[in-house]
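S.K.:
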């Protein structure tokens, strides 16, 4: 629990000697804090804004094995991702849950049926399961009733997973704090402290209490993601991060009903895009563009990105006649990608890197799914600094086992109980106990309980209203106008818990509503390009080229299927060898 006085209590500890200081409160930093604390290292995490404020609360919410990596020949990376996905689903039900994925195939598409099928065969083999299946066009329409029917050949169904990314970060951090770690949000690492040319600490500024302190450690880890170059350039290192923006549209589920994720190729540039259900809404994404806006500003969708995503909606779900008036929110996140100068941002590698530079260990890149493996790589890189540290092990659970009941919540159904236990872990019991009469009911239009607001305000380190509504809960994304109509009810519950005066509450409400309008609302409609004309032109061009593309597709599909088939055989041989070696040990 982060109670009202937690910040002062933690600040008073900063002048002690730390084993590790982690800069960055996203999923990578949270994972390092968790694993380091588990190994008995005295670890401090600092985040200049709120926990998960950056990329880790603005992802596409997927916990997936990385099907795209197979196309790049990265079988072992895909295997690691699939294993982590399975582990997370086992350990965090209610937080990380299965998600069915549909891959639609249309006449002339490349990749097509056989390429996808071969890839999914390898994908399932890596998970040691067989969950994919092909459906004819008629059956596929039963799974995705509103999908465009013209030229639809059919499609595949396979399994992946989804999460509430911000709640995943928070659970990892809070479990680390319960084990003795220290975490501070709104604490900026302003400057590296060096002795004899090596980084030995950080000068920190409390952005809530307006105070500074020097904190020293044997190891400083830069886990700031897209901001990684900020600290690296203080050491004279060249900038290497290429920030890429991914933006999304949010529709109410009643207006855009999908029962599972649907993926297909964008009608113009042929990039893979997806539409899927999440927390009672429908999410459409994503873009992949260079982000030139200042990183400390809230990222926001551009008018051109809105048009790009609306082309997806119009091309693949034309019968729904969706318009901009149906969009209830947007969000954009910035991915930390290592720049190599490729013209197409989507061609840049998403692998994580670990750099040791003058005593500063930088860890950046990678995927949400593999955050624990990234954390272990970081700790292995500094193993020489801690000779008595146990060997980091991948056998330990990512999330603490939750073996608690929920007394007082007997009227909640199985899904609601599972959801609370997944998002809050062992703290779910205290959350239910803190609930006032009527607060274990869901907030209208969401699965969030009123009691979650009270608990977040009381025990989860909320410093601003957007912390509460954008990350502790996701009401700012799930409800029209960011939940503005509910603010009086939220005030009744949360203002006393936060200890804010009436004047402070009004300031926070004004700041939140301005933030939501500027960064989570649509841009002015008059600025959004007409997406219908270029879409119609692209569709007409593809229709003309369809006979030629069919011939090309046969050759491409045959080659790809043979290559991926060989990869499937190789995968089976590899795992058989591994099993034999294990049996002989």
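Numbering (my numbering), first residue to last: 1055 to 1639. The beta-carbon is built from N, C-alpha and C at its ideal position, and this holds for glycine as well. In this text, all values refer to a predicted model and were calculated from it rather than measured experimentally.
In chain order, which beta strand (DSSP E) runs of at least 3 residues are fully inside the region 1152-1201?
M.R.: 1187-1190
S.K.: Applying the criterion that 16 or more other CB atoms from any shown protein chain within 10 Å of the CB defines a buried residue, is residue 1498 buried or exposed?
M.R.: The residue labelled residue 1498 in the question sits at position 444 within the chain shown. Classification for residue 1498: exposed.
S.K.: So, are the CB atoms of residue 1452 and residue 1426 less than 8 Å apart?
M.R.: Position 398 of the chain shown, counted from the start, is the residue given in the question as residue 1452. Position 372 of the chain shown, counted from the start, is the residue given in the question as residue 1426. Less than 8 Å divides the Cβ of residue 1452 from the Cβ of residue 1426.
S.K.: In whole angstroms, what is the alpha-carbon distance linking residue 1286 and residue 1111?
M.R.: Working through the chain shown from its first residue, we reach residue 1286 at position 232. Working through the chain shown from its first residue, we reach residue 1111 at position 57. Each residue's Cα considered, the two are about 24 Å apart.
S.K.: Roughly how many whole angstroms lie between the Cα atoms of residue 1186 and residue 1311?
M.R.: Reading the chain shown from its first residue, position 132 is the one you call residue 1186. Reading the chain shown from its first residue, position 257 is the one you call residue 1311. Cα to Cα, the separation comes out at about 23 Å.
S.K.: For residue 1136, write down the residues that DSSP places opposite it in a beta bridge.
M.R.: Locating residue 1136 in the chain shown gives position 82, where the first residue counts as 1. Note: residue 1136 is not bridge-paired with any residue in the DSSP secondary-structure output.
S.K.: Grab me the residues of residue 1078's own chain with a C-beta within less than 6 Å of its C-beta, minus the 5 sequence neighbours each way, in chain order.
M.R.: For the purposes of this step, residue 1078 is identified with residue 24 of the chain shown, where counting begins at 1. Answer for residue 1078: 1277 and 1278, listed in chain order.
S.K.: What span of residues does the beta strand (DSSP E) with residue 1272 cover, start to end?
M.R.: The sequence position of residue 1272 within the chain shown is 218, counting from 1. Looking at the DSSP string, the run of the beta strand (DSSP E) that includes residue 1272 is 1265-1276.
S.K.: For the beta strand (DSSP E) that contains residue 1256, what are its first and last residues?
M.R.: Reading the chain shown from its first residue, position 202 is the one you call residue 1256. Residues 1252-1260.
S.K.: Give me whichever residues DSSP pairs with residue 1503 in a beta bridge.
M.R.: As a first step, residue 1503 is located in the chain shown; it is residue number 449 there, counting from the start. According to DSSP, residue 1503 bridges with 1496.
S.K.: List the whole-angstrom C-beta distance separating residue 1139 from residue 1215, where the pair is believed to meet the contact cut-off of C-beta under 8 Å.
M.R.: Walking along the chain shown from the start, residue 1139 turns up at place 85. Walking along the chain shown from the start, residue 1215 turns up at place 161. Sure, about 6 Å apart at Cβ, within 8 Å.
S.K.: Starting from residue 1449, trace the beta strand (DSSP E) both ways and give me its first and last residue.
M.R.: By one-based count along the chain shown, residue 1449 stands at place 395. Run containing residue 1449: none; DSSP gives neither H nor E here.
S.K.: Which residues does DSSP pair with residue 1404 in a beta bridge?
M.R.: The residue labelled residue 1404 in the question sits at position 350 within the chain shown. Bridge partners of residue 1404 according to DSSP: none are assigned.
S.K.: For residue 1364, count neighbouring C-beta atoms within 10 Å of its own C-beta (all shown protein chains included) and say buried if the count is 16 or more, exposed if not.
M.R.: As a working mapping, residue 1364 is identified with position 310 in the chain shown. So residue 1364 counts as buried.
S.K.: Taking buried to mean at least 16 other C-beta atoms within 10 Å of its own C-beta, is residue 1509 buried or exposed?
M.R.: Sequence index remark: in the chain shown, residue 1509 carries index 455 (1-based). By the neighbour-count rule (16 or more Cβ atoms within 10 Å), residue 1509 is buried.
S.K.: Just verifying my parser: in three-state terms, what is the DSSP assignment at residue 1372?
M.R.: Here residue 1372 corresponds to residue number 318 of the chain shown, with the count starting at 1. Three-state result, residue 1372: helix.
S.K.: Below 6 Å CB to CB, which residues in the same chain sit around residue 1512 once its five sequence neighbours on both sides are set aside?
M.R.: Mapped onto the chain shown, residue 1512 falls at position 458. Here the set comprises 1551.
S.K.: Suppose contacts are defined by Cβ-Cβ distances below 8 Å. Is residue 1294 in contact with residue 1283 by that definition?
M.R.: Counting from one through the chain shown, the residue named residue 1294 turns up at place 240. Counting from one through the chain shown, the residue named residue 1283 turns up at place 229. Taking 8 Å as the Cβ cut-off, residue 1294 and residue 1283 qualify as a contacting pair.
S.K.: Can you give me the Cβ contacts of residue 1466 inside the same chain, cut-off strictly under 8 Å, excluding the 5 residues immediately before and after it?
M.R.: One-based indexing of the chain shown puts residue 1466 at position 412. Cβ contact annotation for residue 1466 (same chain, cutoff 8 Å, sequence separation greater than five): 1460, 1474 and 1494, in chain order.
S.K.: For a quick check, are the C-beta atoms of residue 1413 and residue 1549 less than 8 Å apart?
M.R.: For the purposes of this step, residue 1413 is taken as the residue at position 359 of the chain shown. For the purposes of this step, residue 1549 is taken as the residue at position 495 of the chain shown. Contact: no.
S.K.: Which one of 1593, 1381, 1402 and 1523 has the shortest CA to CA distance from residue 1389?
M.R.: Here residue 1389 refers to the residue found at position 335 of the chain shown. Answer by Cα proximity: 1402.
S.K.: Where does residue 1553 land, buried or exposed, given buried means 16+ other C-beta within 10 angstroms?
M.R.: Here the question's residue 1553 lines up with position 499 in the chain shown. Result: exposed.
S.K.: Between the region 1185-1200 and the region 1222-1242, do three or more beta carbon pairs fall short of 8 Å?
M.R.: No, because fewer than three Cβ pairs between the region 1185-1200 and the region 1222-1242 fall closer than 8 Å, the two stretches do not touch.
S.K.: Consult DSSP for residue 1209 and reduce its assignment to one of helix, strand or coil.
M.R.: For the purposes of this step, residue 1209 is identified with residue 155 of the chain shown, where counting begins at 1. In this structure, residue 1209 counts as strand in the three-state DSSP scheme.
S.K.: Report, in whole angstroms, the separation of the C-beta atoms of residue 1418 and residue 1406, which I expect to be a contact under 8 Å.
M.R.: Translated into the one-based positions of the chain shown, residue 1418 becomes position 364. Translated into the one-based positions of the chain shown, residue 1406 becomes position 352. Residue 1418 to residue 1406, Cβ: 7 Å. Contact.
S.K.: Under 8 Å Cβ to Cβ from residue 1325, same chain only, skipping five residues before and after it: list those, please.
M.R.: By one-based count along the chain shown, residue 1325 stands at place 271. Excluding sequence positions up to five before and after residue 1325, its CB lies within less than 8 Å of the CB of 1319, 1342 and 1400, all in the same chain and listed in chain order.
S.K.: Is it the case that the Cβ atoms of residue 1149 and residue 1476 are separated by a distance below 8 Å?
M.R.: Within the chain shown, the letter at position 95 stands for residue 1149. Within the chain shown, the letter at position 422 stands for residue 1476. Result yes, Cβ atoms of residue 1149 and residue 1476 sit closer than 8 Å.
S.K.: Give the straight-line distance between the Cα atoms of residue 1145 and residue 1118, rounded to the nearest whole angstrom.
M.R.: Your numbering for residue 1145 matches position 91 in the chain shown. Your numbering for residue 1118 matches position 64 in the chain shown. If you take the alpha carbons of residue 1145 and residue 1118, they lie about 15 Å apart.
S.K.: Name, in chain order, the residues that DSSP records as bridge partners for residue 1065.
M.R.: Walking along the chain shown from the start, residue 1065 turns up at place 11. Paired residues: none, contrary to the question.
S.K.: Does DSSP put residue 1060 in a helix, in a strand, or in coil?
M.R.: On the chain shown, position 6 is the one that residue 1060 refers to. Reduced to three states, the DSSP call for residue 1060 is helix.
S.K.: Look at the Cβ atom of residue 1109, then the Cβ atom of residue 1085, and state whether they are nearer than 8 Å.
M.R.: For the purposes of this step, residue 1109 is taken as the residue at position 55 of the chain shown. For the purposes of this step, residue 1085 is taken as the residue at position 31 of the chain shown. No, the pair does not count as a contact, with Cβ atoms beyond the cut-off.
S.K.: Which value, in whole angstroms, describes the spacing of the CA atoms of residue 1454 and residue 1517?
M.R.: Numbered from its first residue, the chain shown carries residue 1454 at position 400. Numbered from its first residue, the chain shown carries residue 1517 at position 463. When rounded, the distance between both Cα atoms is 26 Å.
S.K.: Whole-angstrom Cβ separation of residue 1315 and residue 1156, contact assumed at under 8 Å?
M.R.: Position 261 of the chain shown, counted from the start, is the residue given in the question as residue 1315. Position 102 of the chain shown, counted from the start, is the residue given in the question as residue 1156. Between residue 1156 and residue 1315 the Cβ distance is about 7 Å, and since that is below 8 Å, they are a contact.
S.K.: Apply the 10 Å Cβ neighbour rule to residue 1587 and answer buried if 16 or more other Cβ atoms are within range, or exposed otherwise.
M.R.: Taking the first residue of the chain shown as 1, we reach residue 1587 at position 533. Under the 10 Å beta carbon count, residue 1587 is surrounded by fewer than 16 other beta carbons and is classified as exposed.
S.K.: Measuring straight from C-alpha to C-alpha, what distance separates residue 1487 and residue 1176?
M.R.: Here residue 1487 corresponds to residue number 433 of the chain shown, with the count starting at 1. Here residue 1176 corresponds to residue number 122 of the chain shown, with the count starting at 1. Spanning the two alpha carbons is a distance of roughly 47 Å.
S.K.: Just the C-alpha distance for residue 1376 and residue 1368, rounded to the nearest angstrom, thanks.
M.R.: The residue labelled residue 1376 in the question sits at position 322 within the chain shown. The residue labelled residue 1368 in the question sits at position 314 within the chain shown. So the two alpha carbons sit approximately 7 Å from each other.
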